[in-house]
Amino acid sequence: MIVQIGLLFSLTGTTSITEKGQYQIAKFALEGFEKECDSQVEFKFITKDIKSDPNVAVYQIKKLIATGIRIFAGCYSSACRKAILPLLKQHDCLLMYPALYEGKEIDKNVLYTGEVPNQQIETMLDYITRHFGKNIFLIGSDYIYPHYTNQQVHYLLGNKNGSVVGEHHLPLGHTNFSSIIDELKITAPDVVLSTVVGESQIPFYRALYEAGFSAEKIPVFSPITKESEIEAIGATYMAGHYACGGYFQSIDSEDNIRFVKEFNKFIGCDTVISSVMLNTYIGVRLLLESITETQSTYYQTLLDYLSGKTYETPEGTISIDNHHHLSRKIRIGRVCLNGQFTIVWDSKDTIKASPFFLEETNGFHKQPTKVDWQAMILEWGKISDEPVLLISNIGQIVYANQKACDILEITAGQVISNNRLNELRHTFTIIREFIELFFELIVLRKKIYNERHVQGAKVIFSPIVTKNAAFQKQLKIAEVATRSNANVLILGETGVGKEVLACAIHEQSLRAQKPFIAVNTAALPENLIASELFGYVDGAFTGARKGGKIGKFEMAQGGTLFLDEIGDMPIEQQAALLRTIEQRKITRIGDTKERAIDVRIIAATNKSLKEEIAFNGSFRSDLYFRLNVLSIHIPALRDRREDILELVQKFLAQFQKEYQDGPNRISNKALEILLSYPWPGNVREIRNILERSFLLAIPEDMIQPYHLPDDLFVKNNSHTSLTELSLNESTKQSIITAVNQTATLTEASKILGISRSTLYRKLKEFDIKIKSS
1 MIVQIGLLFS LTGTTSITEK GQYQIAKFAL EGFEKECDSQ VEFKFITKDI
51 KSDPNVAVYQ IKKLIATGIR IFAGCYSSAC RKAILPLLKQ HDCLLMYPAL
101 YEGKEIDKNV LYTGEVPNQQ IETMLDYITR HFGKNIFLIG SDYIYPHYTN
151 QQVHYLLGNK NGSVVGEHHL PLGHTNFSSI IDELKITAPD VVLSTVVGES
201 QIPFYRALYE AGFSAEKIPV FSPITKESEI EAIGATYMAG HYACGGYFQS
251 IDSEDNIRFV KEFNKFIGCD TVISSVMLNT YIGVRLLLES ITETQSTYYQ
301 TLLDYLSGKT YETPEGTISI DNHHHLSRKI RIGRVCLNGQ FTIVWDSKDT
351 IKASPFFLEE TNGFHKQPTK VDWQAMILEW GKISDEPVLL ISNIGQIVYA
401 NQKACDILEI TAGQVISNNR LNELRHTFTI IREFIELFFE LIVLRKKIYN
451 ERHVQGAKVI FSPIVTKNAA FQKQLKIAEV ATRSNANVLI LGETGVGKEV
501 LACAIHEQSL RAQKPFIAVN TAALPENLIA SELFGYVDGA FTGARKGGKI
551 GKFEMAQGGT LFLDEIGDMP IEQQAALLRT IEQRKITRIG DTKERAIDVR
601 IIAATNKSLK EEIAFNGSFR SDLYFRLNVL SIHIPALRDR REDILELVQK
651 FLAQFQKEYQ DGPNRISNKA LEILLSYPWP GNVREIRNIL ERSFLLAIPE
701 DMIQPYHLPD DLFVKNNSHT SLTELSLNES TKQSIITAVN QTATLTEASK
751 ILGISRSTLY RKLKEFDIKI KSS
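Reading the sequence shown from the start, the letters are residues 1 to 773 in UniProt numbering.
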C-alpha cells in the first residue's frame, strides 16, 4: 500500500522562519517511524511551498487533490487553514494542523495538534496578573489568530479587573515599530503581549532592545515566539522575555534529550526545536500510525482510531480527545542568552483543550456568557420547526423545544443516549455542535430523502445514483441491508465502487456512529493476515510490537468491518475468519483469552466465488454461505451506459466547484465516444479521464473529442465483444488495458484500485506478459 501525504509549508514568505523547521521535522518523523515500524505501508511526502499565502495554499492543495492525495499536514497560519477547509470537506480529506490557533473551531476534517487559547492565553494571563500587573499592551499581526486572541484577552482580562492600555494589529511583514515604541513610553504597561508573527518579529524585538526597553523594564509575553524565532531574531534581543506553550527544547527529561540528539543527528548540526516543530512531529507520527494500523486513508477512520488514545512524547503525556485536539501540560519559559528557555512555571497536570465556539457580539470584545447562549437557544427553539436539544457532557437534556419533546417523548432533565440518537438517523440528519466544553447543541433535520427515493427513472442511494433497472434492483437489497445486521457480500468488477457502496450501507445503518474499518485482504502478506485481523499480545512472535496490538475486528467494535478482495484470502486463513464469524469472538495471537466482538461484516470481491469453490477449491463453501446472507452485484459501467451521462454531469459539477473554472458541458460527439467505450476500469476510470479532459478544456466552455485521450478512440473497435466475456476474462482484460495505458505498474494498480502486490499476483495468475521498455 502506497500512501502519499501532502506537506503544505511556507518555505518562502513571511512565516518561513517558523515553517522551515516544521518541514524538516516532518521528514525526521517519517524516517524515525520507518525505522521503528515494520509497516506494510509505503509513505511518500509530496511537498508544496504555500509561500505564506492563503491563495497559494488553495492552488497547491487543489493540484495535490487532483492527483488523489487526501492526507495533508501543515498550513501554519489560520488564514491558510480556513482557506482550504471547503476543499477538505468536499473531497473527504484530513489536515493535520500543527500550529497553535484561536480556537472557535472543531472541524471534522482537521486533527489539531497545536495549543488553543484556554491552554496558552488563559495560562499566560493568570501568570502575568499574579507576577507583573494587570495593565497590558497588545500588539499583533493583522490576521485571524492575533485578532481572535486579543478579543479573548479583553474578555479574560476583564474578568480579572485588568485593562488593555493599547492595541495594534500591523500588516504581515511590517518592519517599522517607532510609533509603537513611542506609545509604550506613554502608556507604560506592565507587560506587552505579542502575537506578531513571521519576519516582523525580528524588527519588533530589536526595536524594543535598541529603545532601551529591556525585559526587566517591560517584559514581552508571546504564545508564538519560540526557539526557531529566537534563532532568527538573536538571543541578545530576546533575553528575559517570555513564551508559553506545551514544549520547550530545554525540558530536562531522558525522552526529550534523546529526541533533540536524534534530530540534530538527522539535520547534521546542532539546531533548535520549537513547540510548533514538536506539534508537527507529533502530528505526523499520529498520521503515520493511524494509517498503518487501520490500512485506510479515510479521514473519519483515522480520527476514530486516534480518539481517546494517550501517548508519551518529548513534552510529556498527551491525549487526543473526541474533538481531535490534544490535552497536554503547559509551561511558561523565560529566554536565556543561549537562545533556550528556563521554565518558570509548569502546569504539572494536563490541561484539556477547550475551543471557544460562539461569535463575539459585534463591537464588543466579549465571549458570550452561558446565560447569553442559553437565552439565544431558547428563542431559536421557540420558532424552529426542527427538534432542538441542548445536552450536557453526560447526556443530560438541559433544554428541549416542543418539537423535540413530541418526537422523542422526552423532557428536560432526562438523559438521552447516543444509541437513541442513532435510531433516528433513518429519518433525520443529526447536526451536532459543541458549545464551550460541557454542552452540545443537537438539531434533528429532516432528510431531503429517506435512504432511497425515486426521481423519475432515477434511483438515489446516497451517494450512488443510477437509472439502470438491474442496478436499482440491487440497491433495494442495499436498502434492506441498512436495516439489518446481516453480513453482506458485494460482487463486481474492479472500479465499480464496491467500497463506496459498503460505506454507504454503513453510514445509513444503526451502526453509523461506530467505526467503518476497511481491510484489503489481498494486500496483506499471508503470514500477517491473522495478526492484522485479530491482533497480538506482547512477545507473541519475533518483531511483535511492544505492548501488542489490537486487530481490525476490535477496531471495528460496534461498527462495520469491510473485507475487500475476500476472494484472494488464502484458504488457510479462511477457517479462522469463519470461526470468528460463527462464534463472534476473537483471540489475539499469543493469547488464550477470548474477546467478544460485535461487528457487522461487509465483504467484496471481483471474483465468482461459486467458481472458486467449484473449480479451483480456493474458497470455502461454508465461509461463502456465512458471508452471502445479502448478496449485491454492482453491474459494470458498460452494462449500464444510461448512467454515463449522469456520471459526466456529476463529475463536471465537482470539478467546476474544485477548480472554480472550466467547462460545464460536453459535446454530443465527445459523449458518443464515452458511451461507446467499454470502460474496463469502470467508474474510477471514467472519473480520471473526465478530470484530465476537463483540465485540458479549461480555456473553453465545452469538452470536445480532441480533449479526450487517444486510447478511447484506439480501443473502441478491439473491445466490442467485451460484454460477452466471463468475469475472469473481463478482469484479465481490465488489467491488460490498465498496464498498456500506463508507464508503471504502480500507476496501473492505482487505476485498477488494487495494491501493487495484488497486481503482480494477477499478472502471474493470468499469464500476462509485460513489455520491456
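Using N, Cα and C, we set each Cβ at its ideal position, and we do this for glycine too. Quick caveat, the model's predicted, so the values are computed rather than measured.
- The DSSP-derived three-state label of Glu-229 is helix.
- DSSP places Thr-605 within a strand segment (E or B) once states are collapsed to three.
- When Ile-689, Lys-585, Gln-741 and Lys-476 are compared, the shortest CA-CA separation from Gln-557 is found for Lys-585.
- Short of 8 Å from the beta carbon of Thr-149, and not among the five residues preceding or following it, lie these beta carbons of its own chain, in chain order: Glu-102, Pro-117, Ile-121, Gly-140, Thr-195 and Pro-223.
- In this chain, Gly-32 is not harboured by any beta strand (DSSP E); it is covered by the alpha helix (DSSP H) spanning 16 to 36.
- When C-alpha distances from Lys-498 are compared across Ala-512, Gly-551, Phe-9 and Ile-566, the shortest belongs to Ile-566.
- Residue environment: Arg-545 is assigned as exposed (fewer than 16 neighbouring CB atoms within 10 Å of its CB, all protein chains considered).
- Membership of Ser-631 in any alpha helix (DSSP H) is not indicated; the residue belongs instead to the beta strand (DSSP E) covering 630 to 633.
- Considered as a whole, the stretch 189 to 263 harbours 201 to 210, 227 to 233 and 235 to 238 as its complete alpha helix (DSSP H) runs of no fewer than 4 residues, in chain order.
- DSSP places Tyr-145 inside the alpha helix (DSSP H), whose first and last residues are 144 to 159.
- Two segments are said to touch when three or more pairs of C-beta atoms, one from each, lie closer than 8 Å; by this definition the stretch 466 to 478 touches the stretch 638 to 653.
- When DSSP states are grouped into helix, strand and coil, Val-519 belongs to the strand group.
- DSSP, reduced to helix, strand and coil, places Arg-334 within a strand of the structure shown.
- Residues Ala-207, Leu-208, Ala-211 and Phe-213 of the same chain have their beta carbon placed closer than 8 Å to that of Ile-181, with the five preceding and five following residues left out of the count.
- In the structure shown, the three-state DSSP call for Lys-498 is helix.
- For the set Ser-39, Leu-100 and Val-58, the Cα lying nearest the Cα of Glu-19 is the one of Leu-100.
- Annotation: Ile-251 to Ile-343 spans about 8 Å, alpha carbon to alpha carbon.
- The stretch 515 to 522 makes no contact with the stretch 660 to 679, as fewer than three CB pairs between them are under 8 Å.
- Pairing Leu-577 with Leu-623, the inter-Cα distance amounts to about 8 Å.
- When DSSP reads this structure, Phe-9 sits in a beta bridge with Asp-49.
- Excluding five sequence positions before and after Thr-175, the CB atoms of its chain that fall closer than 6 Å to its own CB belong to Pro-203, given in chain order.
- Where Leu-623 is concerned, there is no enclosing beta strand (DSSP E), although the alpha helix (DSSP H) around it starts and stops at 621 to 627.
- If you draw a straight line from the Cα of Lys-217 to the Cα of Tyr-76, it comes to about 32 Å.
- Residues of the same chain with a CB within less than 7 Å of the CB of Asp-711, apart from the 5 flanking positions on each side, are Gln-741 in chain order.
- The shortest C-alpha to C-alpha distance from Ser-347 to any of Phe-461, Phe-177, Pro-171 and Asp-126 is the one to Asp-126.
- Residue Gly-316 holds the alpha-carbon nearest to the alpha-carbon of Thr-350 among Tyr-536, Gly-162 and Gly-316.
- DSSP places Ala-400 inside the beta strand (DSSP E), whose first and last residues are 397 to 400.
- Between the alpha carbons of Tyr-145 and Thr-746 lies a gap of roughly 42 Å.
- Of Glu-289, Ala-412, Met-569 and Glu-765, the smallest CA-CA separation from Val-3 is found for Glu-289.
- Residue state for Glu-167 is assigned as strand, using DSSP reduced to three classes.
- The C-beta distance from Gly-495 to Arg-684 rounds to 4 Å, short enough to meet the 8 Å contact threshold.
- In this structure Met-555 is buried. Its beta-carbon is surrounded by 16 or more other beta-carbon atoms within 10 angstroms.
- Nearest C-alpha to Gly-543 among Glu-36, Gly-13, Ile-17 and Ile-5: Glu-36.
- Scanning its chain for C-beta atoms nearer than 6 Å, with the 5 sequence neighbours on each side dropped, one finds around Val-220 the residues Val-192, Ser-194 and His-241, in chain order.
- Leaving aside the five residues that flank Arg-595 on each side, the residues in its chain whose CB is nearer than 8 Å to its CB run, in chain order, Glu-554, Lys-585, Ile-586, Thr-587 and Arg-588.
- One alpha carbon belongs to Ile-233, the other to Pro-54, and they sit about 25 Å apart.
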